[in-house]
Every structure is written in C-alpha cells, then in structure tokens.
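Data first, discussion second: the structure below is written as structure tokens.
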Amino acid sequence: MSPNRLLLQFALRRPLWIGLTIVLGFSGALFNGVSTMLIIPVVLGLLGEEVNLKGAPPILQKVFSSMAASGGESQFLSMLGLILLAILLKNVTSYVSTLSSGHLSRSLVSDIRKEGLRLLLDVDFDFYIKTKVGDLINRLGGEIGSTATAIRTAVQMLSMVITIFVFLIILVSISWQLTVISTVLLAAVSLSNSFFVKRAKRFGQQLSDQSRDYSIAVLEMLSGIRLVKATGSESYEYQKIERLIDYREKADFSSQANSALIPPLNEMAGLTVVIAILLLGRIFFRGELESLSAVLLTYLLVLFRMLPFVGQLNNARSSFANLAPSVSVVNDFLRREGKPFMSKGYIPYTGMTAGIRFEQLAFTYPGHDRQVLNQVDLWLPKGTTLALVGSSGAGKSTLADLLPRFYDPTAGRILIDDRDLKDFEIRSLRQAMGIVSQDTFLFNDSVRNNLAYARKDATDEQIIEAAKRANAYEFIIKLPQGFDTLIGDRGVMLSGGQRQRLAIARALLRDPEILILDEATSALDTVSERLVQSAIDELSRDRTTLVIAHRLSTVQKADQIAVLDKGRVVEVGTHAELLKQGGLYAQLHAMQFSEEAQTV
Ligand code: ATP
Numbered sequence: 022m023s024p025n026r027l028l029l030q031f032a033l034r035r036p037l038w039i040g041l042t043i044v045l046g047f048s049g050a051l052f053n054g055v056s057t058m059l060i061i062p063v064v065l066g067l068l069g070e071e072v073n074l075k076g077a078p079p080i081l082q083k084v085f086s087s088m089a090a091s092g093g094e095s096q097f098l099s100m101l102g103l104i105l106l107a108i109l110l111k112n113v114t115s116y117v118s119t120l121s122s123g124h125l126s127r128s129l130v131s132d133i134r135k136e137g138l139r140l141l142l143d144v145d146f147d148f149y150i151k152t153k154v155g156d157l158i159n160r161l162g163g164e165i166g167s168t169a170t171a172i173r174t175a176v177q178m179l180s181m182v183i184t185i186f187v188f189l190i191i192l193v194s195i196s197w198q199l200t201v202i203s204t205v206l207l208a209a210v211s212l213s214n215s216f217f218v219k220r221a222k223r224f225g226q227q228l229s230d231q232s233r234d235y236s237i238a239v240l241e242m243l244s245g246i247r248l249v250k251a252t253g254s255e256s257y258e259y260q261k262i263e264r265l266i267d268y269r270e271k272a273d274f275s276s277q278a279n280s281a282l283i284p285p286l287n288e289m290a291g292l293t294v295v296i297a298i299l300l301l302g303r304i305f306f307r308g309e310l311e312s313l314s315a316v317l318l319t320y321l322l323v324l325f326r327m328l329p330f331v332g333q334l335n336n337a338r339s340s341f342a343n344l345a346p347s348v349s350v351v352n353d354f355l356r357r358e359g360k361p362f363m364s365k366g367y368i369p370y371t372g373m374t375a376g377i378r379f380e381q382l383a384f385t386y387p388g389h390d391r392q393v394l395n396q397v398d399l400w401l402p403k404g405t406t407l408a409l410v411g412s413s414g415a416g417k418s419t420l421a422d423l424l425p426r427f428y429d430p431t432a433g434r435i436l437i438d439d440r441d442l443k444d445f446e447i448r449s450l451r452q453a454m455g456i457v458s459q460d461t462f463l464f465n466d467s468v469r470n471n472l473a474y475a476r477k478d479a480t481d482e483q484i485i486e487a488a489k490r491a492n493a494y495e496f497i498i499k500l501p502q503g504f505d506t507l508i509g510d511r512g513v514m515l516s517g518g519q520r521q522r523l524a525i526a527r528a529l530l531r532d533p534e535i536l537i538l539d540e541a542t543s544a545l546d547t548v549s550e551r552l553v554q555s556a557i558d559e560l561s562r563d564r565t566t567l568v569i570a571h572r573l574s575t576v577q578k579a580d581q582i583a584v585l586d587k588g589r590v591v592e593v594g595t596h597a598e599l600l601k602q603g604g605l606y607a608q609l610h611a612m613q614f615s616e617e618a619q620t621v
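For reference, each letter of the sequence shown is one residue, going 22 to 621 in the numbering used here.
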C-alpha cells in the first residue's frame, strides 16, 4: 500500500473534519482572493485615478456598480470597508481552519498510535521474537512522529491546493489566456521541482533507516549494559553508536541542503513567471494597455498573491516526499497481513474436570525447518504435577509455551477434557493459567501494584496473605516503604530470589487453575533457593502444574516426570520408577549428583 493510501484510509474515518477543513480552506481562499481583487481598483480610485473595469470579472464589475450609488470618494471608502471585511473574514476563517486542520491531523495521529498499540497487544509472540524492540520503539516513537508531520503537511497541502484553485478561478475570470500561460509556466516550475522531490525521498529513506539502526543499537546497548561494563566495552559501544549518529547527521545535512534549495528557486521562478506574464500582457493587450491597466494590475496582484502558495506547495511536496519512507514504515507496521495472529476460539474457558492431554504433538518454529517437538504424548491429570526434564535444547520450554498458546502445534493437539485448546476463547484460557518463569518481569512500580497486576481487585489482606505464602512478606516489610516501595526498572532493587518470590506471590494471588513453572532455583544461593522452593511447593500444591525442571532434585516429588530428548518424550514415570529404569533420567541424575558432590 502506498503511503498516500495509508493516510487516505485514516482520513476517511474522519469525514466530518475533512469536510470542515475543505470548506474552511475554500472560504478562506475566497475571502483572500476577493480582497486581493478589490485592492487595485480601490487604491486607484482613492488616489483619484479613473478606474476602468473593462475586461474585469463580472463579480468585480457588479460590486463596483452596486457601490457606485454612493458615488465619488465614499464609493471607494465603502469598498475599502469591504476589503477590510474580506480580510477580517479571511483571517477568522484561517484561524478556525488552522484549528480544524490541527485537530484533524492530531486525531489522525492518535488514531494511528492507537491502531499501533492495538496491533502490538494483539500480535503473537513470534512477532516479538523476530522484531527488535529498538525497531519497534523507533516505529512507535520517531516514525509515527514523522508520520504525524507528514499528515500535517498533507492537510496543509490540501488547504494550499484549495487556495491555488480559487485563485486560478479568479485569474481565469480576469484573463483566461494569461492564466493558461501562467498555469503552464507554473506547472513547469513544479515539474522541475520533481528532481528535488525525488532526492528528498531518497534522503528521507536514508534518515529513516539510520534512525532505526540508531534506536536498535542504543536499546541493545542499554539491555546489555551489564555485559558492556563487565567487559569494558564502553569505548567500542561509543564508537559504534557515534558512527551511526555521524551518518545520520550527514544524511540530515544533505536532506536539508536539498530542501533549502526549493524556496529560493521557487521564488526566482515565480518572479520570472510574473515578469513573463507582464511582458506577454503587453504583447497581448497592445494598444489597450491604458484602459486595461487596472485589470492587468489586478491580475498581477492576484498572481503575485498566489505565488507563495505555489512555492509552499512545492516545498510541502518535498517535505512530504522526505517523510514518505517513515509513512511506509508505519504502514508496514500497521498492516495485519503477514503478521502472526492466533485464532481466538469461541468457548469461554470455565475450568477442567479431568486433565490436559498432549496428543501426538509436533512443532516447528515459524520460518524454520527443524522440528523441535515430535510425537509428544503426555497426560496431565487435574491437580497433579508433571515435570519436564532433559538436556538443554531438548524442547522443554517450547512444549510449555504451547499450553498458553504462545504458539500452536504444527501437528497434533492439546486437549483439556477432550476439547481442543484452540476451541477455547484465548483470553479466558490464559486467565486460567499462571506462568512463573526464570525471567521474572516486574514493572517499575510499587511492590503492591506489581503483586496486584494479575488480579487488579485484590484487597490488601489478600496481597499480604499471598506475600506470606510466597516467603516474600519478611523482606517486603523491610523495604523502605514496605509494600509501597518502588522497585525500579524491572525490579533492579531486588535480588534474584526476591524477584522470584514476588512472581510466585503474584501467581498465588491470581490463584490460577493451571500453573506453568520454569524453575530457576539454580541461579540462587542455598538459603534463597530453599525459600523459593518452599514458595513453589506452596504454589503448586493440588494445582495442575507443568514444571520445567533444570535441577532434578527439585522435581523428585512430582507425580510424573517426562524426559525429553531432541524433541521426543523418551521416558515417563515417577522419580523412583525412572531411576529404577536406568535410562536417560538415571544418567542425568547420576551426572547432576556427581556435579553437586564436586561443588560441595
Ligand atoms: P533449556 O533447558 O536450555 O531452556 P529447552 O529444553 O527448554 O532448553 P527450548 O528452549 O524449548 O529447549 O528449545 C528447543 C529448540 O528450539 C532449541 O534447539 C532452540 O534452538 C530452538 N528454539 C527455541 N526458540 C526458538 C525460536 N524462537 N525460534 C527458532 N528456534 C527456537
């Protein structure tokens, strides 16, 4: 879709404001044109010159003859009043028109921002894996900002086109011959601007690419700031980003040098057109110049007043071309086709009675060839715990991601009480699930609000109760403002174990029917690990739980343990059964046991 179509598509949602902007633009231009048309005859009249309106537009002649009744100087004074009134009306309409076009462009930008936000919340997980966050921030911030400017420019162009159109009508009514010539000359000027417009588009593309690269680089540097500092890579990062800043500055300069050429060139070209018309007028109206001077002067004045609009229009074309790449980026971003969206399902999820069945599951990540899961058959009865173990890359997290439908299996099904997961309305299904992962996310907000995120209506008592059960209460009340303490970006003020206990408290507060746990007690010290482990035990008690276990010691009590190897379930059983079996689980267990013995 071309950028213009994107703007048009959004503009059509606001027909009233578009209509108002057009009407106001038209009226303003009319008042402007009429006042301009009256100036020369009135000034000549006030100076005592004879005003000959032969060949003048009928409307001008009519106005003059209707005022002629008052006769002499008072005729011109009342006409002066008329001019002032037209100028006043022109300025009032132009004020209202500025407000209305401002409102129109602001609402279009808000519409685009809201659409972008809706898309970000609707689109699937996979989109975020493939898209860099820096790129998204650039699109939502800088590129939508540029699109806002493009919209304002487009709305201004609309007003300019209307004004030029009205002026042209006036010019035609004075002399169609001269107007044909001036239109051809002005069109030639505009055409010669196409060279600059093309260049502006190319520079705009460079600017857009560079601002994306810059945002990505800065965001990556910030996300990896610990690594940057730990490896002393500050100067490397500085130089990398400095280069991007310098490139951008150069492209910005070239862009400015290009667009700054347009106004002076247009002014010169416009002046040449006026002179050409003057000379041609002399040739055309040879012999009648005396009697036509008032009309010719009026023509030239109207033309002169119109020229700045033509110049501004050419300028706006170049700015718009410069911004068009940003509009295209926003357009691509807003387009839903080609982006991953889950089928939403239609049956509200109300709870399970029997359990969850994974049936002949296979999975390949979108855009990849390698099968990550293959022929997975598992049965998780309600109220029990199923632990997934296996070497790194075996497919444990992928399998767990299929349950809340972050992805759908490429083959096979997941059933809850014999109903396919895809049949359930996705929001209600996800609301029945609680996910506690290694990568605990906390908002830069108070402890209380972080806990209540999963359940907005939770009372203080419920929050405290959940914190206590998650072994988090003790450390929370020791924080400077207790539950009201702000915990910094992503909870930087807290230790890993504390963050995890907050995540567990949050899940407890939500009281989900199904729990998905990605255990990460390995990163914690023994005391923290014990606190987190007992919080996890509390959370998963009598709950249908799917747990990804990295440390086998933590899942010995699980009702079932499934061992995954290269995407297949190779063993299922209890800890004792699997040890007895002497297979992969027994090997992994022996390996971890000897590692732990060595570290002790
Ligand atoms: P770990 O214990 O190290 O977390 P895991 O058993 O949970 O490993 P998964 O994270 O499920 O393993 O990964 C299984 C395979 O899928 C790996 O080979 C991994 O490279 C691949 N994989 C994971 N995420 C993606 C993705 N978004 N796109 C493509 N391949 C992926």
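In this text, a Cβ means the ideal position worked out from N, Cα and C, and glycines have one as well.
query	result
Collect the residues with a C-beta less than 6 Å away from any heavy atom of the ligand ATP and give them in sequence order along the chain.	150, 386, 389, 393, 411, 413, 414, 415, 416, 417, 418 and 419
How big is the Cα-Cα spacing for residue 438 and residue 477?	29 Å
With distances taken from CA atoms, which of 160, 212 and 447 is nearest residue 369?	447
From what residue to what residue does the alpha helix (DSSP H) around residue 224 run?	197 to 244
Terminal residues of the continuous alpha helix (DSSP H) containing residue 358?	No alpha helix (DSSP H) contains residue 358, which DSSP labels as neither H nor E.
Within 10 angstroms of its Cβ, does residue 621 collect 16 or more other Cβ (buried), or is it exposed?	Here the model assigns residue 621 a pLDDT of 48, short of 50, so the residue's position is not dependable, and the following value carries that caveat. Per the 10 Å Cβ criterion, exposed.
Quick one: using the 10 Å Cβ neighbour count with 16 as the cut-off for buried, is residue 519 buried or exposed?	buried
Which residue's Cα is closest to the Cα of residue 180: 213, 114 and 131?	114
What distance in whole Å lies between the Cβ atoms of residue 433 and residue 380, which are believed to be in contact at a cut-off of 8 Å?	5 Å
Residues in the same chain with beta-carbon distance under 6 Å from residue 227, minus the five sequence neighbours each way, listed in chain order, please.	272
Could you give the C-beta distance for residue 538 and residue 457, rounded to a whole number, given that I count them as a contact under 8 Å?	5 Å
Measure the CB-CB distance between residue 461 and residue 580 and report whether it falls below 8 Å.	no
Run through DSSP, which three-state label would residue 190 get?	helix
Counting beta carbon pairs with one atom in the stretch 416 to 424 and one in the stretch 492 to 507, are three or more of them shorter than 8 Å?	no
Within 10 angstroms of the Cβ of residue 48, are there 16 or more other Cβ atoms? Answer buried if so, exposed if not.	buried
In whole angstroms, what is the alpha-carbon distance linking residue 159 and residue 430?	32 Å
Cutting at 8 Å between CB atoms, please list the residues of its own chain near residue 38, excluding the five before and the five after it.	121, 124, 125 and 128
Within the same chain, show all residues whose beta-carbon is closer than 7 Å to that of residue 172, passing over the 5 residues directly before and after it, in chain order.	28, 126, 129 and 130
With a CB to CB cut of under 8 Å and the five nearest residues on each side skipped, what residues in its chain are close to residue 343?	221, 222, 224, 225, 228, 276 and 280
So, with DSSP's three-state summary, where would you put residue 33?	coil
Could you give the distance in angstroms between the alpha-carbon of residue 213 and the alpha-carbon of residue 50?	26 Å
Which residues in the same chain as residue 290 place their Cβ atom closer than 6 Å to its Cβ, once the five residues preceding and following it in sequence are excluded?	210
With a threshold of 6 Å on Cβ separation, who are the neighbours of residue 41 within its own chain once the five nearest residues in sequence on each side are excluded?	121
So, under 8 Å CB-CB, residue 59 and residue 103 are touching, yes? Tell me the CB distance rounded to an integer number of Å.	6 Å
Using the rule of at least 16 other Cβ atoms within 10 Å of the residue's Cβ for burial, across every protein chain shown, is residue 372 buried or exposed?	exposed
Does the beta-carbon distance from residue 351 to residue 164 come in below 8 Å?	yes
Let me know the secondary structure DSSP gives residue 493 once reduced to three states.	coil
Should the stretch 524 to 533 be regarded as contacting the stretch 550 to 564, the criterion being three or more beta carbon pairs within less than 8 Å?	yes
Considering only the alpha carbon of each residue, which of 96, 36, 336 and 44 lies closest to residue 63?	96
Pull up the CB-CB distance for residue 147 and residue 362, whole angstroms please, since I reckon it's below 8 Å.	About 10 Å; that fails the 8 Å criterion.
Kindly list the residues whose CB is nearer than 7 Å to the CB of residue 45, restricted to its own chain and excluding five residues on each side of it in sequence; keep chain order.	114, 117, 118 and 121
I'd like the list of long-range same chain contacts for residue 455, defined as Cβ closer than 6 Å, with 5 residues on each side in sequence excluded.	528, 531, 533 and 536
By Cβ distance, which residues of its chain are closer than 7 Å to residue 230, with the 5 residues on each side in sequence left out?	none
Quick check on the burial criterion: 16 or more other C-beta atoms within 10 angstroms. Buried or exposed for residue 335?	buried
Can you have a look at residue 36 and say buried or exposed, based on whether 16 or more other CB atoms are within 10 angstroms of its CB?	exposed
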